[in-house]
Amino acid sequence: MVQSLSPALARRVALAAQGFGRPAPAAPGIRQLHALISRLGLLQIDSVNVFERSHYLPAFSRLGAYDKAQLDRLTFAVGKQARYTEYWAHEASFVPLESRPLFAWRMDDFRERSARTPGAWSQSNRPMLDWLLAELASTGPLPASAIEHDANKRSGPWWGWSDVKSGLETLFRWGDVVTAGRSRFERVYALPEQVLPSELLERTVSRDDAHRELVRRSARAHGIGTAKDFADYFRLKTPATLAAIHELEDAGELIPVTVPGWGPGGGPGVAWLHRDARLPRALDAAAVLSPFDPVVWDRARALRLFGFHYRIEIYTPEPKRVFGYYSLPILLGDTLVGRVDLKNDRQAGVLRVQAAWAEADAPADTAERLAPVLRATALWQGLTEITVVQRGTLAQDLAALLA
């Protein structure tokens, strides 16, 4: 008989699998950061810096204040010290170095798509791609800005920034170039043989084996989820994901369950529980989440798990924004109770709360529990003051508590 899990337990399982509900270490360092990223399987990268770059936030949400330079050491290291690289996993992401061969099929797909698409940029710019490869071969790892500078000095065909960047990103998608760390957050590009160990480059993984392993990692990071949940984590197709799920189910790694309210029309829905998932009787977290945190990046899953309708409004014209430019979900206990629009005013040393909103069913003590989270956030960012704009249902109480 298929086991049924309550929606509340499913929510706690999902959060526990993501690293919530454990005591925060006194001083998180390299070991704790590495363990966390290994648990998550990736850190999504985003360039928006109005509060903090996205990839720094999941560790803070789960471990508390840590030295960002330590995470840089992990994610930007090259050569023998490298443990991570970048690729298109969910979106652009830091992923464990050993997982790169799991995406070889995606690299092949990108290349084949470019070859069969009439008018594809790569088809009409092959000389540019060849020149970029030759430039990296002769010069070594370089950021796009340095290559564009070299292109400006050439006596032959001239290519500008957009061409250089487009070419490098095309080659990166194909796997013909890789990242060699970052400089001031600008990606540095290299030929694979310049920075990756030969044993990694020689390792081949079939498409089916890669999908199975990616679904395994996705299921472990989810704790519990549907086929679409597991597919979305690494942007896999649903049919291939289902095939992998059934293989992992046969192997005893995934356990079929149902969850009331997860199915069509609010009925029971089919899901799978990872065999190693924790089933907490209670879970008490207190954090703000990046808009690109795995807990909320799948908006449909966030709605199903937490009843939380979330949209980031960066690209929404200001008059049409409801909650703010960069609103971060608020996690208290085992559910999402609101959102807070944060801005890091680095020059003034101020954390600016541009808006603060509670969900309709948020606990009465939401502001009291959020205030120390924001104080810890400001301290982590090296800011000495917090100001609250009177916008949103939480703003008044929050302003009084942080005055």
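With the sequence shown counted from 1, adding 216 to any position gets you this note's numbering. Yeah, the Cβ is synthetic: ideal placement off N, Cα and C, and Gly gets one too.
Taking the Cβ atoms as the reference, L458 lies roughly 12 Å from A435, outside the contact range of under 8 Å.
The DSSP assignment places 423-438, 443-449 and 454-466 as complete runs of the alpha helix (DSSP H) inside the region 420-487, in order along the chain (cut-off: 4 residues). The region 241-252 makes no contact with the region 480-494; the number of CB pairs closer than 8 Å stays below 3.
For W337, the enclosing alpha helix (DSSP H) has its first and last residue at W337 to S340. For A275, there is no enclosing beta strand (DSSP E); the enclosing alpha helix (DSSP H) has its first and last residue at L273 to L279. Take R389, set aside five residues on each side of it, and the residues of its chain with a beta-carbon closer than 6 Å to its own are F326, in chain order.
Of all alpha-carbon atoms in T301, A611 and A487, the one lying nearest the alpha-carbon of Y405 is that of T301.
Remark: C-beta atoms of R423 and W321 approach each other more closely than 8 Å. A Cβ-Cβ contact shorter than 8 Å links V411 with G295. According to the DSSP secondary-structure assignment, Q297 is paired through a beta bridge with no residue.
Taking C-beta atoms as the reference points, A501 and G549 count as a pair closer than 8 Å. Using a C-beta cut-off of 8 Å, the region 506-518 makes no contact with the region 279-295, since fewer than three inter-stretch Cβ pairs fall below that distance. Contact between L521 and I546 does not hold, since the beta-carbon distance rounds to 15 Å and is not under 8 Å. Within the model, the alpha-carbon separation for F236 versus T333 is close to 44 Å.
For E402, the enclosing beta strand (DSSP E) stretches over residues E402 to A406. Under the 8 Å Cβ criterion, the region 304-315 does not count as touching the region 352-364, having fewer than three qualifying pairs. Per the coordinates, the alpha-carbon of F319 lies some 17 Å from the alpha-carbon of I261. Listed in chain order, the non-local C-beta contacts of L470 below 8 Å within the same chain comprise A435, I461, L464, W488, L489, H490 and R491, local neighbours out to five positions each way being set aside.
Residue pairing by DSSP leaves E534 without any beta bridge partner. Every beta strand (DSSP E) stretch that sits fully inside the region 562-588 and reaches 3 residues is listed by chain position as 566-574.
With a 10 Å radius around the Cβ and a threshold of 16 neighbouring Cβ atoms, F401 comes out exposed. Here the C-alpha atom of A571 lies approximately 15 Å from the C-alpha atom of P507. Within the same chain, M323 come within 6 Å of G391 by CB-CB distance, once the 5 residues on both sides are set aside. Closest in C-alpha terms to A576, from the list L221, T593 and G608, comes G608. Here E314 is exposed, its C-beta having fewer than 16 other C-beta atoms within 10 Å. As computed with DSSP, G383 is found in no beta bridge at all. By alpha-carbon distance to L567, the top candidate from E268, A226, G479 and H250 is E268. Note on S340: under 16 other CB atoms within 10 angstroms of its CB, so exposed under the neighbour-count rule. Leaving aside the five residues that flank G565 on each side, the residues in its chain whose CB is nearer than 8 Å to its CB run, in chain order, G598, L599, T600 and E601. Annotation for E601: no alpha helix (DSSP H) segment contains it, though the beta strand (DSSP E) segment containing it runs E601 to V604. Approximately 15 Å separates the beta-carbon atoms of A583 and L558; this is outside 8 Å, ruling out the contact. DSSP, reduced to helix, strand and coil, places F524 outside both helices and strands of the structure shown, so it counts as coil. Beta-bridge annotation (DSSP): F310 is paired with L259 and E302. Per the coordinates, the alpha-carbon of E418 lies some 30 Å from the alpha-carbon of Q286.
Residues I246, L249, H250, I253, R299 and Y300 of the same chain have their beta carbon placed closer than 8 Å to that of L290, with the five preceding and five following residues left out of the count. Taking C-beta atoms as the reference points, L618 and V604 count as a pair closer than 8 Å.
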